[in-house]
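Going by our numbering, the sequence shown opens with residue 369, and the numbers climb by one from there.
The beta-carbon is built from N, C-alpha and C at its ideal position, and this holds for glycine as well.
Quick caveat, the model's predicted, so the values are computed rather than measured.
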Amino acid sequence: MSELAILGGQPIRTKSFPKWPQVDKMDEKVLLDVLHSGKWGRGMDNGRRIRKGSETYINKLEGTIADIHKSKYGLVVSNGTAALDLAMFSLGINEGDEVIVTPYSYIASSTCILQAGAIPVFADVDIDTWNIDVDSIEKSITDKTKAIVVVHFGGQPAEMDKIMELANKYNLKVIEDAAHGFGAEYDGKPVGIFGDIGCFSFQESKNITCGEGGALVTNYKSYYEKAHSLHMTGRVFGGQWYEHSQLGWNYRITQFQAALAYSQIQRIDSQDELRQLNAQYLNELLKDIPGIEVTKSNTKVTKHVYHIYTFRYDQDKWDGLSRRRFIMALNAEGIPCHKGYSYPIYKNPLFLNMKTKDYGQFQKLCPNAERICSESIWLPHNVLLGTKKDMDDISNAILKVHKNINKIRR
Ligand SMILES: *Cc1c(COP(=O)(O)O)cnc(C)c1O
369 MSELAILGGQ PIRTKSFPKW PQVDKMDEKV LLDVLHSGKW GRGMDNGRRI RKGSETYINK
429 LEGTIADIHK SKYGLVVSNG TAALDLAMFS LGINEGDEVI VTPYSYIASS TCILQAGAIP
489 VFADVDIDTW NIDVDSIEKS ITDKTKAIVV VHFGGQPAEM DKIMELANKY NLKVIEDAAH
549 GFGAEYDGKP VGIFGDIGCF SFQESKNITC GEGGALVTNY KSYYEKAHSL HMTGRVFGGQ
609 WYEHSQLGWN YRITQFQAAL AYSQIQRIDS QDELRQLNAQ YLNELLKDIP GIEVTKSNTK
669 VTKHVYHIYT FRYDQDKWDG LSRRRFIMAL NAEGIPCHKG YSYPIYKNPL FLNMKTKDYG
729 QFQKLCPNAE RICSESIWLP HNVLLGTKKD MDDISNAILK VHKNINKIRR
């Protein structure tokens, strides 16, 4: 057995994993198309009919996203945070309303609620799937509850059948934050279109990326038209150039970003397939290692797109080797991984300093989110775009650290 790399030994890997983002000839072509077209923005395209053959990349991307999700409408915007803000305002979420959300997500899943003047209420997550827990949602419902923000964490669909049942029972709107879950499927159906509005992000780490970008899908004309107008400074949908009917923002995307996202989408299927194959293989390799709890899938998840590969690390089963040292040792062996969110959303100063509600209480109400934050390990999805041998290296590096616990434990 060779010495651990963190102690000066030979690392398991010196070769890097596949890089992200990945670029091909089509990406180059579409960017040059836009550059030379002289049409760099959305311009006056505010919902009026577009002549066939004169669609821009923004139009094509919206069409593709709607097709993939079998949704009536698709709107492409400047980023995922903007898409979530637009969703809240389009659904008419208002001051004083309560909106239930997972505490284990990026901050934007909850700030959209604050932007609308509403109150985020955090429900706990499931310890095995890391997604919002349906019983915890039900316990959090009050007569002020108006909506639920569901996150498909890491690219794994949340339990949409039960969540929609609850939403119907209590007459709640559902916003799906599918920033991690573009193309993921639950019960054979793409996520993002189970609820009222689904939101996506094309930020640089995401499975579809153009640096910055976002989108929303919906089957409701009124939500689509309202979101479209709001993202164009409140311009009347299908109306005149200087005709503004409501207070909006400029949340428009450029044609460059749309073209790149459009091009990236053309190869998502083969990438998804590879990520799934490798993740399933890695699950098998890791499942019997003590103290490594691979994140589980609900039986109705038909496609997990693995934006993040996750497991929990139980230091008690590793003779007290801290997660920090474990990660450092793996990184030294050439395995990219990190701890993920340091704490649940509600422990951000934004929430702890809030006067309107005591967010400190959620530490007690969300024990699973707390535990996941203290035990989580994340591997970025590009690691899964490698070979089977790359997965063996990950597992071998973990086993190597396990055999040498006593040499690095402090
Ligand atoms: C990335 C992300 C967002 C926000 O998207 P941006 O495009 O970065 O604004 C929202 N929710 C989740 C879960 C995300 O990971």
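- In this structure, A629 has its beta carbon at no less than 7 angstroms from each heavy atom of ligand 1.
- Ranked by Cα distance from S742, the first of K771, R693 and K707 is K707.
- G688 and I695 have their C-alpha atoms some 14 angstroms from each other.
- In this structure, I740 and F490 do not form a Cβ contact; the two beta carbons are roughly 13 angstroms apart against a cut-off of 8 angstroms.
- Here T724 has I487 as same chain residues with Cβ atoms under 8 angstroms from its own Cβ, once five neighbours each way along the sequence are excluded.
- Partner residues in the beta bridge of Y441, as assigned by DSSP, are T586.
- The region 434-447 makes contact with the region 567-585, as at least three CB pairs between them are under 8 angstroms.
- In terms of Cα proximity to S573, the closest of T622, H404 and W388 is W388.
- With a cut-off of 7 angstroms, the C-beta of G551 is classified as distant from ligand 1, since no heavy atom of the ligand falls inside that distance.
- In the DSSP assignment, S569 falls outside any alpha helix (DSSP H) and within the unbroken beta strand (DSSP E) covering I565 to S569.
- By alpha-carbon distance to S710, the top candidate from I509, T577 and I475 is I475.
- In this structure, ligand 1 has no non-hydrogen atom nearer than 7 angstroms to the beta-carbon of D555.
- In the three-state DSSP reduction, L459 falls in the coil class, being neither helix nor strand.
- Under the three-state reduction of DSSP, Y474 is assigned to coil, being neither helix nor strand.
- With fewer than 16 other CB atoms across the displayed protein chains lying within 10 angstroms of its CB, I418 is exposed.
- Comparing alpha-carbon positions, the option among F550, D496, P525 and F457 lying closest to V669 turns out to be P525.
- In this structure, the alpha-carbon of R693 lies about 13 angstroms from that of D684.
- Counted as a single uninterrupted DSSP element, the beta strand (DSSP E) harbouring D545 occupies residues K541 to D545.
- Your pair F385 and L598 does not check out as a contact, with CB atoms roughly 40 angstroms apart and the cut at 8 angstroms.
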